[in-house]
Amino acid sequence: MYLLGSEYTYISHPSRTAQILKEYGIYLKKRLGQNFLADINILKKIAEVSKLSKDENVLEIGSGIGSLTEILLQNASRIMCIEVDRRLIKAFVDIFGEKIGNKVILIEKDAMKLNYHEIAAGYEIRKMVSNLPYGIAAPLILKILVEATQISKMYITIQKDIAERLLAEKGSKNYSSYTVKANLLADFRLLFSVSRNCFIPVPNVDSTVIEVSANKKSKLTNILDFFEFVDVCFLHRRKKLINSIIAGGNKSYIDKMHLIIKMLHDTGKDENVRAEELSLEEFVTIFNSIKKEYD
Numbered sequence: 001m002y003l004l005g006s007e008y009t010y011i012s013h014p015s016r017t018a019q020i021l022k023e024y025g026i027y028l029k030k031r032l033g034q035n036f037l038a039d040i041n042i043l044k045k046i047a048e049v050s051k052l053s054k055d056e057n058v059l060e061i062g063s064g065i066g067s068l069t070e071i072l073l074q075n076a077s078r079i080m081c082i083e084v085d086r087r088l089i090k091a092f093v094d095i096f097g098e099k100i101g102n103k104v105i106l107i108e109k110d111a112m113k114l115n116y117h118e119i120a121a122g123y124e125i126r127k128m129v130s131n132l133p134y135g136i137a138a139p140l141i142l143k144i145l146v147e148a149t150q151i152s153k154m155y156i157t158i159q160k161d162i163a164e165r166l167l168a169e170k171g172s173k174n175y176s177s178y179t180v181k182a183n184l185l186a187d188f189r190l191l192f193s194v195s196r197n198c199f200i201p202v203p204n205v206d207s208t209v210i211e212v213s214a215n216k217k218s219k220l221t222n223i224l225d226f227f228e229f230v231d232v233c234f235l236h237r238r239k240k241l242i243n244s245i246i247a248g249g250n251k252s253y254i255d256k257m258h259l260i261i262k263m264l265h266d267t268g269k270d271e272n273v274r275a276e277e278l279s280l281e282e283f284v285t286i287f288n289s290i291k292k293e294y295d
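Under our numbering, the residue at position 212 of the sequence shown is numbered 212, and the numbers go up by one with no gaps.
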């Protein structure tokens, strides 16, 4: 907590947040998805559901001025914070002072350009707790799941529409290639919703806190090839699966069309099926059959 007037207050208190932004001349950038969670009760709830222990090292991406960091420090051993905005970094370093390099490790890099396997291995990280920047949340979740297999749990605040895509059922409007790819690598559970009014500045959407449990059971070793295949299948969402694959122009898939059709029949589908009507398991079955033919 930090002194505001004659009372101690948390960084996330709206008045304290405003004071810090003004003091450091910080104007938040929408293109970077900079919306600070300014509700101490929500931040404490995030820490509570994360079930942190005093001997745990935790990864936080998009630490900003440290609103969540401050709460996590009360519950974990060390926090590995990633932040790219130099203006925010200056405020963050001044606020946390001697904790930097000890309880708080600050990585001043673009979150999308880091190797999370190296970070998780180097700092023995098994858990991530973050309010993810809106602009990169969707691709960043996939990147971390692919790279940092050491991280078994994530507790993340993301915009509501991304949560809906992650949790979508086949055949629904939110079911997409992103849904299939993410669910290959993890299980997702909605924990609670966060009103847009809890943020500074107020964004255009509401947010959701979700639990991400990494799926250690996936037997696919060629994950990126699977991702490419799924993207081709969803290339034209309203077209038949077969037509999307043809339109994708990947000769290796087109040459195996007879096998794809056979696998569709084996799963009780026909040639008219659309990608949005196939489950993750059906995509994996078809893909494995194709790859077996390649090998």
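Just so you know, even glycine gets a beta-carbon here, dropped at the ideal spot from N, CA and C.
Bear in mind the structure is a predicted one, so any value in this text is a computation, not a measurement.
Item to check | Rounded separation between G249 and K269 - CA only | outcome: Those two C-alpha atoms are separated by around 23 Å.
Item to check | the segment 163-183 touching the segment 139-150, judged by at least three CB pairs closer than 8 Å | outcome: Of all C-beta pairs linking the segment 163-183 to the segment 139-150, three or more are shorter than 8 Å, placing the two stretches in contact.
Next on the checklist: I need the boundaries of the alpha helix (DSSP H) containing M257, first residue and last residue.
Outcome noted: Here the alpha helix (DSSP H) through M257 covers 257-266.
Item to check | CA nearest to the CA of N222, picked from T9, I210, K292, T157 | outcome: When each option's Cα is compared against that of N222, the closest is K292.
Checklist entry - D266: buried (16+ other C-beta within 10 angstroms of its C-beta) or exposed? => result So D266 counts as exposed.
Checklist entry - Where DSSP assigns a beta bridge to E60, which residues make up the other side? => result For E60, DSSP records a beta bridge to C81.
Checklist entry - Is it buried or exposed for S94, if we count other Cβ within 10 angstroms and need 16 for buried? => result In the sequence on display, residue 94 carries Asp and not Ser. So D94 counts as exposed.
Checklist entry - By DSSP, does F283 sit in helix, in strand, or in coil? => result In the three-state reduction of the DSSP assignment, F283 falls in the helix class, which pools H, G and I.
Next on the checklist: Tell me the residue span of the alpha helix (DSSP H) that contains Q19.
Outcome noted: In the DSSP assignment, Q19 falls within the alpha helix (DSSP H) that extends over 14-23.
Checklist entry - What number of angstroms, rounded off, separates the C-alpha of I286 from the C-alpha of I260? => result Rounded to the nearest whole angstrom, the C-alpha separation of I286 and I260 is 6 Å.
Checklist entry - Per DSSP, what kind of secondary structure is S6 in: helix, strand or coil? => result Residue confidence for S6 is low, a pLDDT of 37 falling below 50, so the modelled location carries little weight; the figure read from the coordinates is stated next. Under the three-state reduction of DSSP, S6 is assigned to coil, being neither helix nor strand.
Next on the checklist: Between I89 and A111, how many whole angstroms is the CB-CB distance? I'm expecting something under 8 Å.
Outcome noted: Actually they are not in contact, since the Cβ atoms of I89 and A111 sit about 13 Å apart, beyond 8 Å.
Checklist entry - Who are the Cβ neighbours of N131 in its own chain at under 7 Å, not counting the five residues just before and after it? => result Only L37, G62, L68, T157 meet the Cβ criterion.
Next on the checklist: So, at 6 Å on beta carbons, what are the nonlocal neighbours of V84 in its own chain, with the 5 sequence-adjacent residues on each side left out?
Outcome noted: Its chain contains D110 as the residues whose beta carbon lies nearer than 6 Å to that of V84, once the 5 sequence neighbours on both sides are disregarded; these appear in chain order.
Checklist entry - Is DSSP giving L142 helix, strand or coil here? => result Here L142 sits in helix by DSSP.
Checklist entry - Using CA coordinates, which residue listed in I125, L106, C198, T17 is at the minimum distance from Q159? => result Closest by C-alpha distance to Q159, out of I125, L106, C198, T17, is C198.
Next on the checklist: As a quick exercise: from I107, R87, F227, K256, pick the residue whose alpha carbon is nearest that of L21.
Outcome noted: The candidate whose alpha carbon is nearest that of L21 is R87.
Checklist entry - Could you give the distance in angstroms between the alpha-carbon of D55 and the alpha-carbon of A76? => result Taking C-alpha positions only, D55 is separated from A76 by approximately 6 Å.
Item to check | Assigned exposure category for H258 - 16 Cβ within 10 Å defines buried | outcome: Taking all protein chains shown into account, H258 has fewer than 16 neighbouring C-beta atoms within 10 Å of its C-beta and is therefore exposed.
Item to check | Own chain, CB closer than 7 Å to M161, minus 5 neighbours either side, in chain order | outcome: A small correction: the amino acid at residue 161 is Asp; Met does not occupy that position in the sequence shown. Only V205 meet the Cβ criterion.
Next on the checklist: On the CB-based measure, 16 or more other CB atoms within 10 Å of its CB, does N35 come out buried or exposed?
Outcome noted: Of the residues assessed, N35 falls on the buried side of the cut-off, its CB having 16 or more other CB atoms within 10 angstroms.
Item to check | Per-residue burial, F192 [other beta carbons within 10 Å of its own, 16 or more giving buried] | outcome: Exposed, by the Cβ-count rule.
Checklist entry - Considering only residues of the same chain and omitting the five flanking positions on each side of L52, which have a CB-CB separation below 6 Å? => result Correct list, in chain order: N75, A76.
Checklist entry - With 16 other CB atoms within 10 Å as the buried threshold, where does P315 fall? => result As displayed, the chain neither begins before 1 nor continues past 295, which places residue 315 out of reach and without an answer.
Checklist entry - How close, in whole Å, do the beta carbons of A91 and I65 come, if the pair is a contact with beta carbons under 8 Å? => result Approximately 5 Å separates the beta-carbon atoms of A91 and I65; this is inside 8 Å, confirming the contact.
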